[in-house]
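In this note's numbering, the protein residues as written are 272 to 640. The C-beta atom is built at its ideal place from N, Cα and C for all residues, glycine as well. The structure appears below as structure tokens.
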Amino acid sequence: MKIVIMLFVGLGLWWSEIGILPRVVNSQDETLDKRPDYFAMEWEEGTLLTKKQTPFFIEVETMGNQSISLLTDENNRPRLYTADIVTPVCADGECRLMYLTLYWNLLGGYVGFDKVEGQELTKHDHEEFTDPDYEKLHQLLLDDNSILKRKKIDELVERPATSEADGVDATSGATIAEVKESVVDGALYSCFVAWNIAHGEVKRELLDNTAGLFNLEMKHYMLNSNDVDYQMYALKSFEEGDFIAFKERIVEMFRESIPLIRTYIVQNLPELFWRSDSLQIPFWESFDAIDINNRSLLLNHLETAPKEVLLSLSANMGLMTKNQLKTYLMGVEDLVKENSLLAKELDSFAHSKSNTYAYIVEEFLEDLE
């Protein structure tokens, strides 16, 4: 399979036509035993990844096919995708080659790059990238929603009113303000080319390939990753039995992950969790650590919550919004009549001047009399 990248910008000349042939550079090592120069994922010391061929390649116009490899660990488990990229970058009538080794995660998302030894990236006037320039490029490539996604190269520069001489690059000009802060100064074309390679059809192709490789072992790996995209991918593959099999990790993620993950979990927990005290209590124990929206989603299950949950939530009334507090009070209406400790807790809250919604609890208690 191939992923075609049409990235030749500038004068539109064929590389061979301008009389410059690319320097042949051997493919990077067949193994990866160190963290890439710029990398957004966790990297464990001692990791050794080995390249395996895939049927995928990126076709860069005038440069041929750029093979995509799968990187597997010592147990032959997929971990990353990678490609050694050589691509022309043309601007202002001058063409140069750009060398990078790119890395994608198992979902086809860009995660990093290595510089190629002896092939520093350059800006205008052949000035080499500095370390901050490389870091800026990395941050740009991490942005899947970059303005580069929505613009053509000639829309990213302010064109001169007229060309001063024949042969001047038709897109020559200053970088527009809207994009200037996110690209490397003096290297708009390199940034544009690199971003479009990293975020082209490659993402869909690699994601589809991973779907074909997905198994229980990979599900376990993604679920236990700190990468929230991996977590969500694993969760969306769950059947009812998986929620039980991975219940400890699910509880951990509910407490520690981002709101989006928590919401997916609480909205997709099988009904048997809400019918079981032992299965649902760990989620209620995270009430004080989670976001407001997911507190509301939990409170929607108050009707099936065990007595100990109803009692323990009284300690978190100060965290509740007005509507959440009303929901909680409705849920304990019968319990408070028979439990003096809960009644005392509510009375204390109602008469505290530091509680914004103390009056709601006070009115609730008055209505019970």
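Measure the CB-CB distance between residue 418 and residue 463 and report whether it falls below 7 Å. For the purposes of this step, residue 418 is taken as the residue at position 147 of the sequence shown. For the purposes of this step, residue 463 is taken as the residue at position 192 of the sequence shown. Against a cut-off of 7 Å, the Cβ pair of residue 463 and residue 418 comes out as no contact.
List the endpoints of the continuous alpha helix (DSSP H) containing residue 407. Residue mapping note: residue 407 aligns to position 136 of the sequence shown, counting from 1. Per DSSP, residue 407 belongs to the alpha helix (DSSP H) from 402 to 413.
Straight-line gap, residue 391 to residue 303 (C-alpha atoms, nearest Å): As a first step, residue 391 must be located in the sequence shown, where it is residue number 120. As a first step, residue 303 must be located in the sequence shown, where it is residue number 32. Rounded to whole angstroms, residue 391 to residue 303 spans 20 Å at the Cα level.
Quick one, which of 549, 483, 373 has its alpha-carbon nearest residue 522's? Stepping through the sequence shown from its first residue, residue 522 is reached at position 251. Residue 522 has its Cα closest to that of 549, out of 549, 483, 373.
Would you say the region 524 to 533 touches the region 392 to 411, given that touching needs at least three Cβ pairs under 8 Å? no
Which first and last residues belong to the alpha helix (DSSP H) in which residue 520 is found? Taking the sequence shown and counting its residues from 1, the one referred to as residue 520 is at position 249. From DSSP, the alpha helix (DSSP H) with residue 520 extends over 518 to 527.
Could you spell out where the beta strand (DSSP E) holding residue 324 opens and where it closes? On the sequence shown, position 53 is the one that residue 324 refers to. Residue 324 -> beta strand (DSSP E) spans 320 to 331.
I think residue 469 touches residue 590, with their Cβ atoms under 8 Å apart; what is that distance to the nearest whole Å? The sequence position of residue 469 within the sequence shown is 198, counting from 1. The sequence position of residue 590 within the sequence shown is 319, counting from 1. Going by Cβ atoms, the distance from residue 469 to residue 590 rounds to 42 Å, so no, they are not a contact pair.
Quick one: grab the DSSP three-state call for residue 575. For the purposes of this step, residue 575 is taken as residue 304 along the sequence shown, with counting starting at 1. Correct three-state label for residue 575: helix.
Whole-angstrom C-beta distance between residue 457 and residue 407, which should lie under 8 Å: The residue labelled residue 407 in the question sits at position 136 within the sequence shown. The residue labelled residue 457 in the question sits at position 186 within the sequence shown. Contact flag wrong, Cβ pair sits at about 11 Å.
Closer than 8 Å is the cut-off here; do at least three beta carbon pairs connect the region 351 to 363 with the region 319 to 337? yes
6 Å CB neighbourhood of residue 314 in its chain, flanking five on each side removed: Position 43 of the sequence shown holds residue 314. Taken in chain order, the residues that qualify are 306.
Kindly indicate which residue of 466, 556, 545, 512 has the alpha-carbon position closest to the one of residue 524. In the sequence shown, counting from the first residue as 1, residue 524 sits at position 253. Residue 556 is the option with its Cα nearest to residue 524.
Residue 490 and residue 505 closer than 7 Å at C-beta: Numbered from its first residue, the sequence shown carries residue 490 at position 219. Numbered from its first residue, the sequence shown carries residue 505 at position 234. Yes, the pair counts as a contact, with Cβ atoms nearer than the cut-off.
Alpha-carbon to alpha-carbon, residue 598 and residue 586: The residue given as residue 586 occupies position 315 in the sequence shown. The residue given as residue 598 occupies position 327 in the sequence shown. The straight-line gap from Cα to Cα measures roughly 15 Å.
Residue environment, residue 588, which counts as buried when at least 16 other CB atoms sit within 10 Å: Position 317 of the sequence shown, counted from the start, is the residue given in the question as residue 588. Buried, by the Cβ-count rule.
Grab me the residues of residue 321's own chain with a C-beta within less than 6 Å of its C-beta, minus the 5 sequence neighbours each way, in chain order. For the purposes of this step, residue 321 is taken as the residue at position 50 of the sequence shown. Same-chain partners within the cutoff: 302, 343.
What residue from 564, 553, 450 has the CA that sits closest to residue 535's CA? Translated into the one-based positions of the sequence shown, residue 535 becomes position 264. Residue 535 has its Cα closest to that of 564, out of 564, 553, 450.
Measuring only the C-alpha atoms, how far is residue 422 from residue 502? Position 151 of the sequence shown, counting from 1, holds the residue named residue 422. Position 231 of the sequence shown, counting from 1, holds the residue named residue 502. The alpha-carbon atoms of residue 422 and residue 502 are separated by roughly 31 Å.
Within 10 angstroms of the Cβ of residue 662, are there 16 or more other Cβ atoms? Answer buried if so, exposed if not. Residue 662 lies beyond the range of the chain shown here (272 to 640); nothing can be said about it.
Along the chain, where does the beta strand (DSSP E) containing residue 343 start, and where does it finish? Within the sequence shown, residue 343 is the residue found at index 72, counting from 1. Start and end: 335 to 343.
Residue range of the alpha helix (DSSP H) that residue 593 falls in? For this step, residue 593 is matched to residue 322 along the sequence shown. Its alpha helix (DSSP H) spans residues 593 to 602.
Can you tell me whether DSSP reads residue 275 as helix, strand or coil? Here residue 275 refers to the residue found at position 4 when the sequence shown is read from its first residue. In this prediction, residue 275 scores a pLDDT of 42, lower than 50, which makes its location untrustworthy; the coordinate-derived value is nonetheless stated afterwards. Residue state, collapsed to three classes: strand.
Quick one, are the C-beta atoms of residue 243 and residue 387 less than 7 Å apart? The chain is shown only over 272 to 640; residue 243 falls outside these bounds and no answer can be derived.
Quick one: measure Cβ to Cβ for residue 411 and residue 454, integer angstroms, because I've assumed they're closer than 8 Å. Here residue 411 is taken as the residue at index 140 of the sequence shown, counted from 1. Here residue 454 is taken as the residue at index 183 of the sequence shown, counted from 1. Right, their Cβ atoms sit about 6 Å apart.
Kindly provide the ranges of any beta strand (DSSP E) runs that are 3 or more residues long and lie completely inside the region 366 to 394, ordered along the chain. 381 to 386
What is the DSSP secondary structure of residue 310, counted as helix, strand or coil? Along the sequence shown, one-based indexing puts residue 310 at 39. Strand.
Starting from the Cα of residue 323, find the closest Cα among 317, 335, 341 and give me that residue. Walking along the sequence shown from the start, residue 323 turns up at place 52. Checking every option, the nearest Cα to that of residue 323 belongs to 341.
Using the Cα positions of residue 428 and residue 446, report the straight-line distance between them to the nearest angstrom. Here residue 428 corresponds to residue number 157 of the sequence shown, with the count starting at 1. Here residue 446 corresponds to residue number 175 of the sequence shown, with the count starting at 1. So the two alpha carbons sit approximately 4 Å from each other.
Report all residues from its chain with a CB closer than 8 Å to the CB of residue 513; omit the five preceding and five following residues, and keep chain order. Locating residue 513 in the sequence shown gives position 242, counting from the first residue. Taken in chain order, the residues that qualify are 490.
Any alpha helix (DSSP H) of 4 or more consecutive residues that is wholly inside the region 438 to 485: 448 to 451, 459 to 469, 473 to 484
Burial state of residue 415, where buried means 16 or more other Cβ atoms lie within 10 Å: Here residue 415 is taken as the residue at index 144 of the sequence shown, counted from 1. Classification of residue 415: exposed, given that the 10 Å Cβ count is below 16.
Per DSSP, residue 303 is paired with what? Residue mapping note: residue 303 aligns to position 32 of the sequence shown, counting from 1. DSSP lists 320 as partners of residue 303.
Residue span of the beta strand (DSSP E) that contains residue 358, given as start and end: In the sequence shown, the residue the question calls residue 358 occupies position 87. Unbroken beta strand (DSSP E) run through residue 358: 349 to 362.
Is the beta carbon of residue 538 less than 7 Å from the beta carbon of residue 566? As a working note, residue 538 is residue 267 in the sequence shown. As a working note, residue 566 is residue 295 in the sequence shown. No, the Cβ-Cβ distance between residue 538 and residue 566 is not below 7 Å.
Reference residue 498; option with closest CA among 378, 545, 482, 561: For the purposes of this step, residue 498 is taken as residue 227 along the sequence shown, with counting starting at 1. Ranking 378, 545, 482, 561 by Cα distance to residue 498 puts 378 first.
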